[in-house]
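**Student:**
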Amino acid sequence: MSFAYEEINLDTKLLDSGFSFNQEARKWFADYFGVKRFSFSKQMAIIKRKAEVEHDTEMTVGDLILEMQNWDQSKTNLSVEEETYQWNNFVRDFFKDQATAQYRHRLKVASILWKKVRMSRKSKIYHHDLLKKYDREIKEYK
């Protein structure tokens, strides 16, 4: 059972209360922020997920708003969610590259390349040049 618009306030608990990111919450946030349309952000999902993982049953809607307003971009780079987004984008771009069709077990090859990219200081995105750079490590999959 989820909250109705009228039941949501700054003290509403995010967990174990019935609160969810639904249409009622969307209307409430739109009114709170004084906007016509409100969309839930990736930041909000990350903050809520962190509360779930840490079993923070005291976190409220007000705390969520405060954390959103104080959002530090470096948190994103360290979060499990952000790494998942990066991995998903990496794999999508890897599979779009027609040159990767030559490999058996393409996901395995993408994984090998992702580990190399993830450990580097460079951006965590797929580039065709990675196939050449790490050819020795992935040639057995051709």
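Under the numbering used here, the first residue of the sequence shown carries the number 44, and numbering increases by one thereafter.
Every residue, glycine too, gets a C-beta built ideally from N, C-alpha and C.
In this text the structure is predicted, and so the values were computed from the model without any measurement.
1. Tell me which residues share the same chain as Thr119 and place their Cβ nearer than 6 Å to its Cβ, disregarding the 5 neighbours each side in the sequence.
2. So what does DSSP say about Lys56, is it helix, strand or coil?
3. Taking buried to mean at least 16 other C-beta atoms within 10 Å of its own C-beta, is Thr127 buried or exposed?
4. Please tell me whether Met111 and Leu57 are closer than 7 Å, where the distance is taken between their beta carbons.
5. Have a look at Asp172 and Leu150 and give me their C-alpha separation to the nearest angstrom.
6. What three-state label does DSSP hand Thr100 in the structure shown?
7. Here's a check: name, in chain order, each residue in its chain whose Cβ is nearer than 6 Å to the Cβ of Arg147, leaving out the five neighbours to either side.
8. So, with DSSP's three-state summary, where would you put Glu182?
9. Let me check understanding here. Comparing Cα to Cα, which of Asn113, Gly77, Phe83 lies closest to Gln66?
10. Please state the DSSP three-state secondary structure of Ser154.
11. Considering only their Cβ atoms, is the gap separating Tyr177 from Lys165 smaller than 7 Å?
**Tutor:** Let's see:
1. Indexing the sequence shown from 1 puts residue 119 at position 76. For Thr119, the predicted model reports a pLDDT of 49, less than 50, meaning its position is unreliable and no value from the coordinates is stated.
2. By one-based count along the sequence shown, residue 56 stands at place 13. Note: Lys56 maps to strand in three-state DSSP.
3. As a first step, residue 127 must be located in the sequence shown, where it is residue number 84. Exposed, because fewer than 16 other Cβ atoms sit within 10 Å of the Cβ of Thr127.
4. Here residue 111 is taken as the residue at index 68 of the sequence shown, counted from 1. Here residue 57 is taken as the residue at index 14 of the sequence shown, counted from 1. Against a cut-off of 7 Å, the Cβ pair of Leu57 and Met111 comes out as no contact.
5. The residue labelled residue 172 in the question sits at position 129 within the sequence shown. The residue labelled residue 150 in the question sits at position 107 within the sequence shown. Distance between the alpha carbons of Asp172 and Leu150: 17 Å.
6. The residue labelled residue 100 in the question sits at position 57 within the sequence shown. Coil, per DSSP.
7. Within the sequence shown, numbered from 1, the residue matching residue 147 stands at position 104. Only Tyr184 meet the Cβ criterion.
8. If you number the sequence shown from 1, residue 182 lands on position 139. In the sequence on display, residue 182 carries Lys and not Glu. Correct three-state label for Lys182: helix.
9. For the purposes of this step, residue 66 is taken as residue 23 along the sequence shown, with counting starting at 1. When only C-alpha atoms are compared, the closest one is Phe83.
10. For the purposes of this step, residue 154 is taken as residue 111 along the sequence shown, with counting starting at 1. It is helical.
11. To locate residue 165, count along the sequence shown from 1; it is residue 122. To locate residue 177, count along the sequence shown from 1; it is residue 134. Not a contact, by the Cβ cut-off of 7 Å.
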